[in-house]
Each structure stands twice: as C-alpha cells, then as structure tokens.
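Presented below is the structure to which this report refers.
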Amino acid sequence: MTKNVEATKVLAAARELTPVISARAADTEAGRRLPADLLAQLKQAGFFRMFLPRSHGGLDIDLRTGLEVLETLARADGSTGWTTMLGSESPHLFALLSRERFDSIYSGGPDVIMGGAFNAQGQAVVEQGGYRASGRWGFATGCQHADWLFGNCVVLKDGQPVPSPVEGMPLTRGMLFRANEVRILDTWNVLGLKGTGSHDITVEGAFCPEVNAFDIFMGTPCVPGPGFVAPLAHFVLHMAAVVLGIAQGAVDDLVALASTGKRRLYARTSLAESPVFQLKLGRIELDVRAARALLRESADEFWAACVNDPATAAKIAPRLSSTLAWVTETAAGVVGTCYQAGGAHSLRDGAPLQRRFRDIHTFRQHAAAAEGWFGQAGAALLGQPTGFWT
31 MTKNVEATKV LAAARELTPV ISARAADTEA GRRLPADLLA QLKQAGFFRM
81 FLPRSHGGLD IDLRTGLEVL ETLARADGST GWTTMLGSES PHLFALLSRE
131 RFDSIYSGGP DVIMGGAFNA QGQAVVEQGG YRASGRWGFA TGCQHADWLF
181 GNCVVLKDGQ PVPSPVEGMP LTRGMLFRAN EVRILDTWNV LGLKGTGSHD
231 ITVEGAFCPE VNAFDIFMGT PCVPGPGFVA PLAHFVLHMA AVVLGIAQGA
281 VDDLVALAST GKRRLYARTS LAESPVFQLK LGRIELDVRA ARALLRESAD
331 EFWAACVNDP ATAAKIAPRL SSTLAWVTET AAGVVGTCYQ AGGAHSLRDG
381 APLQRRFRDI HTFRQHAAAA EGWFGQAGAA LLGQPTGFWT
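Per this note's numbering, the sequence shown starts with residue 31, numbered consecutively.
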C-alpha cells in the first residue's frame, strides 16, 4: 500500500501523541471516559476523520496506515485506542444511510462521531415515515462524547417480527438518534478498558425517521471506494490492531521495568541479567511480531480485494475473523507473561502492566474474538456455510 501525504501525517501525529496519551492513561481510567482535553487533541490530530473521504473533509487513508495508527494509540493506552477506533469507524456506519443523508450529516464538518450497539436489543415498530423504537443497549463505547447514537432493533409490523432475507431470521435495523435524544445509563463498572465509557443507552417510544434507519449487517454503503467495501470486515481488522497495541505496550512496560534494575525477591540476579527472563522476553517479542505480520498480510490481501475486485472481499472475511481470534489469543498470552514477570509490581493499582492485563482480558470476552471464528474459517476451507459471513 502506498501512503498518501495525509496518511503519513496522521501516523506521525499518533506517534507524537503517544507520551501524552500514556501520561493521561490513569486519568482516562479513573474518569471512565476520554478526558475532554485529550479528546480535543485526538480530534485535532484527525483520527476521527482518517477514514472519511476527502470530499467531506476527511483524510481518506488506506487500511494499513489506519491499523498502524490504531496500534500506536493502543500501545500508549488500550482505552484510548479502543475508543478512538470506534469513533473513527463512524463514516462506515453513516455510509449505510442514503448518500443525501450522509452528505447532510457531514455538512457541518468532518469530526462527527457515532456511538451505539450492534446487538439487536430493541424493537422498532413500523410507522408512517419511520419507526417507533424502544430498547436498552449495552457497550455503547464513547457514548458520552458522541454526536449521534444508535441501537439495533428487531423490526415489528402488526405485532410480529418482519422476516429478513435470511431464512429464519427477523429483519433488524439500526435506529439512529441525536445524542440528546438518548438516555445514558451509568453502567460501565468493569475489569478493564475502563476508560472507554461503554455505558448502556436507552430510548422509550422514540420516533426514528426512515432516513435515519440503516441495515448494519447487510446494508450497502453509499460511499464508493475500497475503504467502504464490507465495513464489518474492516472493523474486525481494526480490533486486531488495538489488541496488538495492548500486547506491544505490555512488552514495552516490561522492558522499561527490567531496565530499572528490578530484582525479584530471592533472585540472584536482576531481571535484565536473568537468562530465564531473557528467554521469555525473546519469545513474547517474537509472538508480537508474528501476530503483526499475520495482521498485515491479512489486511493487504483484503485491501487488494477491495481495490481490485470488491465482489470477492466478503469471501476473505472468515479468515479475517479467525485472524482476530488468533491475534487476541496470542496477545493475551504475551500480556499474561509480562504481568507474571513483573512480579509484585504488577499487582498495584496504577501499574501499567496491571492495566494491560485487565484490558486484554476484557477484550477477550468480546464476541468478535471468540474461538468459534476458527470454526467458520475451517468451514470456508471445506466449502461449507460460514454462518455470520455467509
């Protein structure tokens, strides 16, 4: 992939902000959201418009650069990387609306952020000109600073679910509302990724016009270009980049700790001088490089399909999901080794290794990283149906 000028600049901005993000990690976690001043810096750097087309004031960067940016941010702090990732994907979701609606949303500027929930935990009753929606949705990352919020709903007509084109499944639609139309419930009290502000959101009997409803899983983006082919597959790769950043950050933290001359209780040598420690460090560094190599290879293959033959891009998706599952499994092992090697230092609140450990194991509970995705990749190899990606 060839980087354009904007891509080079936004990646440089991510690297320049790394010390700031790292220094604010404790504040981000304590506040359970991005601090307002840090959010402003992330916007100014262009991260929330990096995938937006230049026609709408965006940077329109390539997939590989986007992954490098997200890994860099998560390497500094997992919560910041994750929250920025979700915000940066807003154009992909807005593109599932009509082109006229997409244009109107960005008419006031490029830094428009959407938050919400993909799980169909609401109901939308068909009415003239739109839907009457009610529901409560969990895991709405960044909801406190989002401009728009959505919840996925099962569509009802005459009291019954409307069937979808997929046999046996109901029709679902994402219902999009301005943030001030949605109530945020303070529920984000969790193990890790605490700074993502992934609270529950709810609406009760709210009207959503047809122009603000979109098909999350089967919709066709109204925006042309490789960056908008199969949006959910892009999201899978984005998540893998954040996971990789958390793992690399843990390795960085461990090296920094060893460089202080730390010596474990009863040990004859410092960590840095221990052959056993050196062996473990060499192994986990190789694990991170292997995961990064797989992610980049997968991304390059997918991007080439998006550029050259968009119709084939979806066929690669099962392998992308299995890539995310393997990268997550590998990253969790890396972070676990770092946490253990840090000894009692890792136990303390505020210790970077403790935060990395909690962050990676919180993400590991995400449905997108489940072991079952290996089975879907295997099914694809055998020419069998692949469930979600079929």
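Just so you know, even glycine gets a beta-carbon here, dropped at the ideal spot from N, CA and C. In this text, all values refer to a predicted model and were calculated from it rather than measured experimentally.
| Length at least 4, wholly inside the region 99 to 147: the alpha helix (DSSP H) runs in chain order | 108 to 118, 120 to 124, 129 to 135
| request: Identify the continuous alpha helix (DSSP H) that holds V241 and give its terminal residues. | output: Premise fails: V241 is in no alpha helix (DSSP H) and is neither H nor E.
| query | When you compare only the Cα positions, how much space is there between E401 and A355? | reply | 6 Å
| request: Pull up the CB-CB distance for S328 and L287, whole angstroms please, since I reckon it's below 8 Å. | output: In fact, because the Cβ distance is near 32 Å, the residues do not count as touching under 8 Å.
| Buried or exposed: where does T360 fall if 16 or more other Cβ atoms within 10 Å of its Cβ makes it buried? | buried
| query | Can the beta-carbon of P256 be found less than 8 Å from the beta-carbon of W333? | reply | yes
| Around the Cβ of V35, are there at least 16 other Cβ atoms within 10 angstroms (buried) or fewer (exposed)? | exposed
| field | Supposed contact pair A209 and C183 - C-beta distance, whole angstroms, cut 8 Å | value | Contact flag wrong, Cβ pair sits at about 18 Å.
| query | Rounded to a whole number of angstroms, what is the C-alpha to C-alpha distance between A60 and K224? | reply | 8 Å
| message | So, for S376: in the same chain, excluding its five sequence neighbours on each side, which residues have a beta-carbon less than 6 Å away from its beta-carbon? | response | Y369, L383, Q384
| field | Below-8 Å beta-carbon distance, V259 vs any chain B residue | value | Checking the listed chains, one finds no chain B in this structure; it contains a single protein chain.
| task | Would you mind reading off the limits of the alpha helix (DSSP H) that contains T171? | result | Where T171 is concerned, there is no enclosing alpha helix (DSSP H), given that its DSSP letter is neither H nor E.
| request: Compute the distance between the beta-carbons of H229 and H122, then report whether it is under 8 Å. | output: no
| request: Output the boundary residues of the beta strand (DSSP E) element that contains G181. | output: 178 to 187
| 4 or more residues per run - each alpha helix (DSSP H) lying fully within the region 350 to 406 | 382 to 393
| said: I need the straight-line Cα distance from H396 to G227, nearest angstrom please. | reply: 16 Å
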